[in-house]
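For reference, the structure is listed below as structure tokens.
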Amino acid sequence: MRGHKGLVECASLATTKGWRMSILGTRVVRTEDPLFLTRGATYTDDLTDDRLTGALHATFVRSQVAHGRLLSVDTSSALEAPGVVAVVTAADLSDLVPLPPPFPFINQAMTRPWLASDRVRFVGDPIAVVLTEERYQGEDAAELVVVDIDPLPAVVSTAAAAADEVLLFPEAGTNVMASFGEPAAADFFDGCEVVVTQAVVNQRVAPVPLESRAAAASWGADGRVTVWCTNQGAQQARGQLADWLKIDPDLIHLVTPDVGGGFGAKIGADPEYAFVAWLAKHVGRPVRWAESRSENLVGMLHGRGQDQVVTIGGRRDGTVEAYSLVFDQDCGAYPRIGAVLPTLTMLMAPGVYGFPKVHAQGRALATTTTSIGAYRGAGRPEATAAVERAIDLFAAEIGMDPAEVRRKNLLPAFSEPHTTPMGATYDNGDYPAALDKALDAAGYADLRAEQARRREAGDARQLGIGLAVYVEITGADNGAGTKEAAELEVHPDGTATVLTGTSPHGQGHATAWAMIASDQLGIPVEKITVVHGDTDRVPQGGGTMGSRSLQQGGAAVHQAAGELVELARKRAAEKLEANPEDLVVDLGLAGLAVRGTPGVGVTFAELAADQRLLVNTVFNANAPTFPFGAHVAVVELDVESGKAQVVRLVAVDDAGTIVNPLLAEGQRHGGFAQGVAQALLEEVLYDEDGNPTTSTLADYPFISATELPSFELVDMATPTPMNPLGAKGIGEAGTIGSTPAVQNAVIDAAAHLGVRHIDMPTTPMRVFRAIQQAGHIAQQEGN
Amino acid sequence: MQVSIVVNGEQRTDEVEPRLLLAHYLREVCGLKATNIGCDSTSCGACTVVVDGLSVKSCTVLAAQADGAQVTTLEGLAGPDGELHPMQAAFRAEHGLQCGFCTPGMVMAAIGVLADNPDPTDREVREGLEGNLCRCTGYHNIVRAVRAAAQAGPAAGQVPQAQEVQA
Ligand code: FES
Ligand code: FES
Numbered sequence: 088m089r090g091h092k093g094l095v096e097c098a099s100l101a102t103t104k105g106w107r108m109s110i111l112g113t114r115v116v117r118t119e120d121p122l123f124l125t126r127g128a129t130y131t132d133d134l135t136d137d138r139l140t141g142a143l144h145a146t147f148v149r150s151q152v153a154h155g156r157l158l159s160v161d162t163s164s165a166l167e168a169p170g171v172v173a174v175v176t177a178a179d180l181s182d183l184v185p186l187p188p189p190f191p192f193i194n195q196a197m198t199r200p201w202l203a204s205d206r207v208r209f210v211g212d213p214i215a216v217v218l219t220e221e222r223y224q225g226e227d228a229a230e231l232v233v234v235d236i237d238p239l240p241a242v243v244s245t246a247a248a249a250a251d252e253v254l255l256f257p258e259a260g261t262n263v264m265a266s267f268g269e270p271a272a273a274d275f276f277d278g279c280e281v282v283v284t285q286a287v288v289n290q291r292v293a294p295v296p297l298e299s300r301a302a303a304a305s306w307g308a309d310g311r312v313t314v315w316c317t318n319q320g321a322q323q324a325r326g327q328l329a330d331w332l333k334i335d336p337d338l339i340h341l342v343t344p345d346v347g348g349g350f351g352a353k354i355g356a357d358p359e360y361a362f363v364a365w366l367a368k369h370v371g372r373p374v375r376w377a378e379s380r381s382e383n384l385v386g387m388l389h390g391r392g393q394d395q396v397v398t399i400g401g402r403r404d405g406t407v408e409a410y411s412l413v414f415d416q417d418c419g420a421y422p423r424i425g426a427v428l429p430t431l432t433m434l435m436a437p438g439v440y441g442f443p444k445v446h447a448q449g450r451a452l453a454t455t456t457t458s459i460g461a462y463r464g465a466g467r468p469e470a471t472a473a474v475e476r477a478i479d480l481f482a483a484e485i486g487m488d489p490a491e492v493r494r495k496n497l498l499p500a501f502s503e504p505h506t507t508p509m510g511a512t513y514d515n516g517d518y519p520a521a522l523d524k525a526l527d528a529a530g531y532a533d534l535r536a537e538q539a540r541r542r543e544a545g546d547a548r549q550l551g552i553g554l555a556v557y558v559e560i561t562g563a564d565n566g567a568g569t570k571e572a573a574e575l576e577v578h579p580d581g582t583a584t585v586l587t588g589t590s591p592h593g594q595g596h597a598t599a600w601a602m603i604a605s606d607q608l609g610i611p612v613e614k615i616t617v618v619h620g621d622t623d624r625v626p627q628g629g630g631t632m633g634s635r636s637l638q639q640g641g642a643a644v645h646q647a648a649g650e651l652v653e654l655a656r657k658r659a660a661e662k663l664e665a666n667p668e669d670l671v672v673d674l675g676l677a678g679l680a681v682r683g684t685p686g687v688g689v690t691f692a693e694l695a696a697d698q699r700l701l702v703n704t705v706f707n708a709n710a711p712t713f714p715f716g717a718h719v720a721v722v723e724l725d726v727e728s729g730k731a732q733v734v735r736l737v738a739v740d741d742a743g744t745i746v747n748p749l750l751a752e753g754q755r756h757g758g759f760a761q762g763v764a765q766a767l768l769e770e771v772l773y774d775e776d777g778n779p780t781t782s783t784l785a786d787y788p789f790i791s792a793t794e795l796p797s798f799e800l801v802d803m804a805t806p807t808p809m810n811p812l813g814a815k816g817i818g819e820a821g822t823i824g825s826t827p828a829v830q831n832a833v834i835d836a837a838a839h840l841g842v843r844h845i846d847m848p849t850t851p852m853r854v855f856r857a858i859q860q861a862g863h864i865a866q867q868e869g870n
Numbered sequence: 002m003q004v005s006i007v008v009n010g011e012q013r014t015d016e017v018e019p020r021l022l023l024a025h026y027l028r029e030v031c032g033l034k035a036t037n038i039g040c041d042s043t044s045c046g047a048c049t050v051v052v053d054g055l056s057v058k059s060c061t062v063l064a065a066q067a068d069g070a071q072v073t074t075l076e077g078l079a080g081p082d083g084e085l086h087p088m089q090a091a092f093r094a095e096h097g098l099q100c101g102f103c104t105p106g107m108v109m110a111a112i113g114v115l116a117d118n119p120d121p122t123d124r125e126v127r128e129g130l131e132g133n134l135c136r137c138t139g140y141h142n143i144v145r146a147v148r149a150a151a152q153a154g155p156a157a158g159q160v161p162q163a164q165e166v167q168a
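Protein sequence lines, in the order shown, are assigned to chains A and B. Be aware that the first sequence starts at 88, since it is given in this note's numbering, and climbs by one per residue. Be aware that the second sequence starts at 2, since it is given in this note's numbering, and climbs by one per residue.
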């Protein structure tokens, strides 16, 4: 079940590898860990940098009302409180202009103030900032800021937003941030024997990286500011800070310390980070900010949040002929990445299926809630959940096994690019093989037999089997293109340094990038240092998001190592008075040797002693890749209480060539857990007045160890031709596959009771009600 | 007020505010930043340390309440020569950490799990770690690490300072 074997071949490297087996594909334990396990990582709030000596602590005063007119902010008592140095409100911000929407296609009237001046738009909207000598003093003083708000009706659902009766931005004239696609043609489903339609909620969830947001800033005498903040890409964050604060990017030194998880919610900068830099300038002292978890749960971006309608039509023999996905994306109060997610959901709407006709249409809407951003998968899990639910609904309607319906409609294996009706060009894939492997590993026939036995016996614990076959897009153009930079230098002492524009926050780049360089140079992994997240040292970079890092950043390191070998070859030829073509890489030597005369050669370190041995390169993938897989979830459902427990999760995740299986498996495990969490438990909730009711970790049902099984991983590797490593992204796939597999399993467990659909999270209450309702309907039909 | 606490085998006496949490005492007063704070509702376990042999969430205890106690944090586990504690070694070998934020608390809680039950099943490990949240690993490799550590013998369920205190 756990596939540990199989060193993955990397044909393009064979020429330089000689006899030594490649380090790529092996389970190298992380070089990061000894420090993380003995001293702990250094996150932003842990910094003890001299430049932060005497830093003031910033505490935000945030709106406790979802929507309203801000009448007054009285800071007088707060200013009297111990340790208070300043209290800043919108009135102090004459040199800052509101933040424009992040994309040109969004209604441009939907700007975001730094601090609310005349209106608040969600619980958590910043109104004032208190600066204090000590952190505890900030909490005390913030409570003394008196805010007077005249409430307006909250807009909590996408339906209320779409009604446009209450507007968040009256000057915009609508709550619609952006619209994508057209309605389906009236005859779209004509000719189908069976058509099934279902409203499906892909609920709002909270990313909850264990490290909340934090930032610190200090201005130097040279007029430059150093900003430390927790993020997924220092260069992008610096660009945003420069844009928002209207300062030259060269004046910003942005440093990303260790990052305690991101999951998409730390992409780029948050306005608070820029504001910390502004505050430091404003008061002439360094400033630091670290939010509490309850601030984080309302202040940091949320994920998902789509209200979908799926319609699927086809023949009774199981052939799907037409599929439509129409949805509203809840974007929260201010446009962030959420506003662009509909495009990804639409692009991936048909998933792994060869449906002849596909339609997708989406809308991005403003609500009086926390803004929506990227969350592990970002737009693709929503597409996969919709289509995988639709397939199951179709299967139930025609009374066919869902595995069979999938087989009938999967695209056949392809090794040449395939372009879908939605315009995505998949690089390669073998979806039927992935499904078969997953079904085999799960023992599908036996599971169905056991399910039948329990149904027959009327067991209190029923078995549910859920399937999902997925394809997703990784390394898509994130605005900075599909390229990544790398610098590689070998030093005279035999060590090497890799500079990368990717930004690890748990993924293990320090280990994996060192492996990639070591593979071609023979320098041991322990002697290779990977530097990232410092814009003075690495000015260019695309960060880590959208599962892009290995296929772009890793490929850039690979390319750099190849270029370094060529540079070394030229210099070695001169030094050894040999023909460059006669020199081959000798990995044991960590240098170049004359072909046929082992031991006669020169090390990279010796060449570096003569002259710096350094290359800078940019790898451009030019296109994304499309990892795929199939998951089988098995749940046990207590039909009396409605409580479902995932007892097995069997997963095939094909991400092409694997550089380090240990790390790739870790990515999959984490992804599965977040998928199970969304399917079973997690949901951000608001009451009708827009008050969040899940704003602490005591209320938000973050998944724990007891709610998960150990996972069963199945290997499959179809290298992509899109980069020389053959690697596709693996960061988000686990979530994309597991979420619908688990949801489908819960519904399947109650299918014999007449249940066809339950929205996520499939909580005991929801499942219980669905069973009751199905029983009720059956009874009525019986009468 | 004054507190006397043995932290990682070292006897300390410090002047603290009565409301200072042990978590903040360790981070701000002792400068031991491995112990993380992941929530404000005693839910996440990132702050777990060992106090007098028991794993405790240090955000639920005042520094004042730890007066006279022996506290061990992640920094106190490895040997003087840098040799990893069996639990640290197992977390590394099994890839039981990714971003590392939950890790200091998770390692201390895991030691507590083995202190109670030297050879737990997967399910028992999961139940023992229910109060420690991790967003990165899906707990899979954490469970494996704890079970692997259990095989290393009783030291995996103990903190080193249980034996010796340096004044
Ligand atoms: S910080 Fe979360 S439990 Fe202590
Ligand atoms: S390793 Fe990141 S939270 Fe556990």
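Every residue gets a Cβ at the ideal spot worked out from N, C-alpha and C, and that includes glycine.
Closer than 7 Å: residue i CB and nearest ligand 1 heavy atom
{"i": "C100 (chain B)", "result": "no"}
Local conformation of residue i per DSSP, three classes
{"i": "Y531 (chain A)", "result": "helix"}
{"i": "Q71 (chain B)", "result": "strand"}
{"i": "L94 (chain A)", "result": "Any reading at L94 (chain A) must be qualified, since the residue scores a pLDDT of 30, below 50, and its modelled position is unreliable; the value itself is stated next. Coil, per DSSP."}
{"i": "F759 (chain A)", "result": "helix"}
{"i": "T49 (chain B)", "result": "strand"}
{"i": "Y421 (chain A)", "result": "coil"}
{"i": "M602 (chain A)", "result": "helix"}
{"i": "V854 (chain A)", "result": "helix"}
{"i": "H578 (chain A)", "result": "coil"}
Neighbouring residues, chain A, relative to residue i (Cβ below 7 Å)
{"i": "A47 (chain B)", "result": "L297"}
{"i": "N118 (chain B)", "result": "Within 7 Å Cβ-Cβ: nothing; N118 (chain B) doesn't reach chain A, min ~15 Å."}
{"i": "V8 (chain B)", "result": "Within 7 Å Cβ-Cβ: nothing; V8 (chain B) doesn't reach chain A, min ~15 Å."}
Near ligand 2: residue i beta-carbon under 7 Å from a heavy atom
{"i": "L75 (chain B)", "result": "no"}
{"i": "C135 (chain B)", "result": "yes"}
{"i": "T455 (chain A)", "result": "no"}
{"i": "T507 (chain A)", "result": "no"}
{"i": "T822 (chain A)", "result": "no"}
{"i": "C31 (chain B)", "result": "no"}
{"i": "T138 (chain B)", "result": "yes"}
{"i": "L297 (chain A)", "result": "yes"}
Contact list for residue i against chain A, beta-carbon separation under 9 Å
{"i": "R148 (chain B)", "result": "Within 9 Å Cβ-Cβ: nothing; R148 (chain B) doesn't reach chain A, min ~10 Å."}
Within-8 Å CB hit, residue i to chain C
{"i": "F147 (chain A)", "result": "Checking the listed chains, one finds no chain C in this structure; the protein chains it contains are A and B."}
Neighbouring residues, chain B, relative to residue i (Cβ below 8 Å)
{"i": "L749 (chain A)", "result": "H96"}
{"i": "V116 (chain A)", "result": "R93, A94, H96"}
Where residue i falls, given that 16 or more other Cβ within 10 Å makes a residue buried
{"i": "L158 (chain A)", "result": "exposed"}
{"i": "V876 (chain A)", "result": "Only positions 88 to 870 of chain A appear in this structure, which leaves residue 876 (chain A) out of reach."}
{"i": "A101 (chain A)", "result": "Residue placement at A101 (chain A) cannot be trusted, given a pLDDT of 34 that sits under 50; what the coordinates show is reported in the next sentence. Counting Cβ neighbours within 10 Å, A101 (chain A) comes out exposed, since fewer than 16 surround it."}
{"i": "L55 (chain B)", "result": "exposed"}
{"i": "H144 (chain A)", "result": "buried"}
{"i": "Q872 (chain A)", "result": "Not covered by the structure: residue 872 (chain A). The range shown for chain A is 88 to 870."}
{"i": "M852 (chain A)", "result": "exposed"}
{"i": "P119 (chain B)", "result": "exposed"}
Contacts of residue i in chain B (Cβ-Cβ under 7 Å)
{"i": "T793 (chain A)", "result": "R127, E128, E131"}
{"i": "R126 (chain A)", "result": "A35, E76"}
{"i": "D133 (chain A)", "result": "K34"}
{"i": "R325 (chain A)", "result": "The contacting residues do not exist; R325 (chain A) stays about 22 Å from chain B at best."}
Contacts that residue i makes with chain B (C-beta to C-beta distance below 9 Å)
{"i": "H446 (chain A)", "result": "Result: empty, since nearest Cβ-Cβ is about 35 Å, beyond 9 Å."}
- Query: Whose CB is closer than 6 Å to a heavy atom of ligand 1? List the residues in chain order.
  - Reply: B:I38, B:G39, B:C40, B:T43, B:S44, B:C45, B:G46, B:A47, B:C48, B:K58, B:C60
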